[in-house]
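Trainee: Quick one: the structure is below, questions incoming.
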Amino acid sequence: MASSDEFREFYQASYGRTLATVAALVGTRHDAEDIVQEAYARALARWTLLRGYQLPEAWVRKVALRLAIDSGRRYRRRLAAAARLAAQRRASSPEPGEDLKYGPLGTALLDLPMRERQVLVLHYLADLPVDAIAREFGLPVGTVKTRLSAGRRHLEERLAQHPEAVGQ
Amino acid sequence: MNDTELREQFHQWAAPLRATPPPDFTTIRRRFRRRLARQVTVGSAALATMGLVAALLASALSGVARPVQATPWASATYLAPPGQPYVFVNASGGDPAELRDVATGSVVSVVRPIPPAVGFTAVAAVPNDRMFVLAEQGADGQLSFAELRVEGTGSGSSPTVRLTPIMTGAAVPASAQPENITVNATATRLAIDTSLPDGSNNLTVYDMRSGSVIGSWPAFATPQFIGNGDKLAVDWISGTKRQLASGHVRSSLRTIDTAHAFPAGSSFLADSLPAPGLHGFSGSFMQDGSVWTNTAYGALGTVSTNGYSGATRLLEFSASSGRLLHAIPVGPAGALQSQYFCGVLWASADGRDLLAQCGTRQQAVIDGRASVVRLPWIFPAQLQPGVTPFAW
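This is how it looks when you write it as structure tokens:
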């Protein structure tokens, strides 16, 4: 299979998963799409190398998370203007996940510190075990467990304030 | 709530996103292409400070050696380059942007777009450092232009900043997304590279006084006015789908004389001239006509897919002969993928003095010799295509 076809197949198969993970971190679909597309563009640039990886999706997710986390508020502020323009140009019919951040779980997640949010999202949404999260972020396993525990506790406290979220 | 329930809740919540079909693959290719263009050029916005001294231009182009002299600003205790105290920073995506004092990092003025525009999308600096040309966009995507003038900069007075619309009658394609703009030294010509909704790019040159179009070409190009006239240098990139997928593109540096108008539909390649000795090479012209580029590719100006992780070097070539003048390490491995800008921040009119940043490392480069400096802040990378982060 040609390299470009391989990449296209990889992109189509993994895009939704990566988008969901990033959207849970940044809170809005539009911001997440920008970040994820940038990550895939970077992956395309080095696909010759990545195609030999066992899990190229992990590389894309890592780049996307770094874009979302490291550049944090400044990056999201920068995206906001462009996203606002794009959103206003878009047709009025809502797309799946458009109102993601307004759901109780999304709102509760966004209330959490980023360090807790990222381990919750990776563990419960990306289904990564604790040791894999530790490797991905270069953290001690104990630190990840602590953040996971604190994140769960804080998340449950916030969800308790919005009981309609349970069973949503 | 136990672990399983919480996991289920997360998955239910994100199910619509996971089921979302990815955008057409051309979207990623366009981003890849823009990213490639950004990486093989040297921040054209930063290099928009061109054409101050015609004599220096002539001497540089004719290969006459430039005089070596002390440059007091280039020291560990950094001072702003003489006559260049201001930088326009568009880091937030355009609303608001800031005019900063380079030496102190302080915000001289917070600048907001002129309604109905809602954001700044590109910026270029006129070499006098007292005028910036801004591309703005409205909520409907309509592009417009404004000039920002810095006045009252004499000793003892605080500068005032005035933002006024310009070229109000200019014909601008609807929903065009500006990527790079450049203005000539006399503020009479504006060149803008835009991406269009169909994924193509267009290079347009305007007469700033009348707003009329001097020339317009379907081309993916990073424009840069050089010298103090109307000569526009263009880093032109083209490639077939196969070449793009493999990371190999055709590229060349070309120049266009925009003193006269070009008929609609004319050929970009026919209207422009290749830079002597620099065929198949990407980079950015300095205002003196020499060429700077940053590269992570190992070989000079050669694009390859596996070079992004390499160390970053600035290479200067002579535009008249193509000869390599300097090769300066500026960034560690992977710096091109940093969240921070990598390339030339500011260049003197003769190209002898440069300020460069790659990742968090900032350096002054004088006649090919680099020394570490520390600016009051670190310039952000252009993470969002279409948003030019600064102009100096």
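Chains V and E are the protein sequences, given in the same order. Each residue of the first sequence is one higher than the one before, counting from 0 in numbering that gives the first Met the number 0. Each residue of the second sequence is one higher than the one before, counting from 0 in numbering that gives the first Met the number 0. Yeah, the Cβ is synthetic: ideal placement off N, Cα and C, and Gly gets one too.
1) Give every residue of the same chain whose Cβ lies closer than 7 angstroms to the Cβ of residue 326 of chain E, excluding the five residues on either side of it in the sequence, and list them in chain order.
2) So, helix, strand or coil for residue 340 of chain E, using DSSP?
3) Is residue 261 of chain E helix, strand or coil by DSSP?
4) Is it buried or exposed, residue 161 of chain E, if we count other Cβ atoms within 10 angstroms and call 16 or more buried?
5) Under the three-state reduction of DSSP, which class applies to residue 160 of chain E: helix, strand or coil?
6) Put residue 15 of chain E into one of helix, strand or coil per three-state DSSP.
7) According to DSSP, is residue 244 of chain E helix, strand or coil?
8) From residue 202 of chain E to residue 271 of chain E, what distance separates their C-alpha atoms?
9) Just the chain E side, please: which residues come within less than 9 angstroms of residue 11 of chain V by C-beta, in chain order?
10) Mind checking residue 266 of chain E: buried by the 16 CB within 10 Å criterion, or exposed?
11) Could you tell me whether the stretch 2-22 of chain E touches the stretch 129-142 of chain V, where touching means 3 or more Cβ pairs closer than 8 angstroms?
12) How big is the Cα-Cα spacing for residue 124 of chain V and residue 16 of chain V?
13) At the level of alpha carbons, what is the spacing between residue 13 of chain V and residue 39 of chain V?
14) In chain order, what residues of the same chain lie with their CB nearer than 6 angstroms to the CB of residue 210 of chain E, ignoring the 5 residues before and after it?
15) Might you give, ordered along the chain, the residues of its own chain that have their beta carbon closer than 6 angstroms to the beta carbon of residue 356 of chain E, omitting 5 neighbours on each side?
16) Answer with buried or exposed for residue 254 of chain E, where buried requires no fewer than 16 other C-beta atoms within 10 angstroms of its C-beta.
17) Return no unless some Cβ of chain E is closer than 7 angstroms to the Cβ of residue 63 of chain V.
18) Sort V/55, V/27 and V/134 by Cα distance to residue 5 of chain V and report the nearest one.
19) Leaving out the 5 sequence neighbours to the left and right, which residues in its chain are closer than 6 angstroms to residue 177 of chain E when beta-carbon positions are compared?
20) Determine whether the beta carbon atoms of residue 143 of chain V and residue 129 of chain V lie at a separation below 7 angstroms.
21) I'd like to know if residue 160 of chain V contacts chain E, where contact means its C-beta is closer than 7 angstroms to some C-beta of that chain.
22) Apart from the five residues just before and just after residue 132 of chain V, which ones in its own chain have a Cβ nearer than 7 angstroms to its Cβ?
23) Could you please give the first and the last residue of the uninterrupted beta strand (DSSP E) stretch that includes residue 205 of chain E?
24) Do residue 123 of chain E and residue 180 of chain E have their C-beta atoms closer together than 7 angstroms?
25) Would you say residue 402 of chain E reaches chain V, if we count a Cβ-Cβ gap shorter than 7 angstroms as a contact?
26) Just curious, the beta strand (DSSP E) that residue 0 of chain E is in, first and last residue?
27) Within the 7 angstroms Cβ cut-off, does residue 368 of chain E reach chain V?
28) Residue 267 of chain E lies in the beta strand (DSSP E); which residues open and close that run?
29) Restricting to Cα atoms, I'd like to know which of E/259, E/208, E/111 and E/218 is closest to residue 230 of chain E.
30) Select from V/28, V/18 and V/50 the residue whose C-alpha is nearest the C-alpha of residue 8 of chain V.
31) Using CA atoms only, rank isn't needed, just tell me which of E/216, E/206 and E/83 is closest to residue 125 of chain E.
32) Quick one: which chain E residues come within Cβ less than 8 angstroms of residue 36 of chain V?
33) For my contact list, residue 109 of chain E and residue 99 of chain E are in at a C-beta cut-off of 8 angstroms; report their separation, rounded to the angstrom.
34) In whole angstroms, give me the CA-to-CA distance for residue 154 of chain V and residue 24 of chain V.
35) Quick check on the burial criterion: 16 or more other C-beta atoms within 10 angstroms. Buried or exposed for residue 222 of chain E?
36) Got a sec? Which residues, its chain only, sit under 8 angstroms from residue 1 of chain E by beta carbon, not counting five neighbours each side?
Mentor: In this structure, then:
1) The beta carbon of residue 326 of chain E is closer than 7 angstroms to those of 312 and 314 in its chain, skipping five residues each way along the sequence.
2) coil
3) coil
4) exposed
5) Looking at residue 160 of chain E - three-state DSSP - the assignment turns out to be strand.
6) helix
7) Unreliable placement is indicated for residue 244 of chain E, whose pLDDT of 43 sits below 50; the coordinate value is still reported in the next sentence. The answer is helix: DSSP assigns residue 244 of chain E an H, G or I state.
8) 12 angstroms
9) 20, 21 and 24
10) Classification of residue 266 of chain E: exposed, given that the 10 Å Cβ count is below 16.
11) no
12) 9 angstroms
13) Those two C-alpha atoms are separated by around 10 angstroms.
14) 166, 168 and 169
15) 340, 344 and 378
16) Counting every other CB atom within 10 Å of its CB across the protein chains shown gives residue 254 of chain E a total of 16 or more, marking it as buried.
17) No, no contact with chain E.
18) The candidate whose alpha carbon is nearest that of residue 5 of chain V is V/55.
19) Hits under 6 angstroms: 120, 121, 134, 191 and 193.
20) yes
21) Under the Cβ criterion of 7 angstroms, residue 160 of chain V is not counted among the residues facing chain E.
22) 118, 121, 122 and 143.
23) Note, residue 205 of chain E: beta strand (DSSP E), 200-206.
24) yes
25) Any question about residue 402 of chain E goes unanswered here, given that chain E covers just 0 to 391.
26) Run containing residue 0 of chain E: none; DSSP gives neither H nor E here.
27) The beta carbon of residue 368 of chain E sits no closer than 7 angstroms to any beta carbon of chain V.
28) Run containing residue 267 of chain E: none in the beta strand (DSSP E); it sits in the alpha helix (DSSP H), 267-270.
29) E/259
30) When only C-alpha atoms are compared, the closest one is V/50.
31) E/83
32) Per Cβ cutoff of 8 angstroms: 22, 26, 27 and 30.
33) About 10 angstroms separates the two Cβ atoms, so there is no contact after all.
34) Cα to Cα, the separation comes out at about 14 angstroms.
35) buried
36) none
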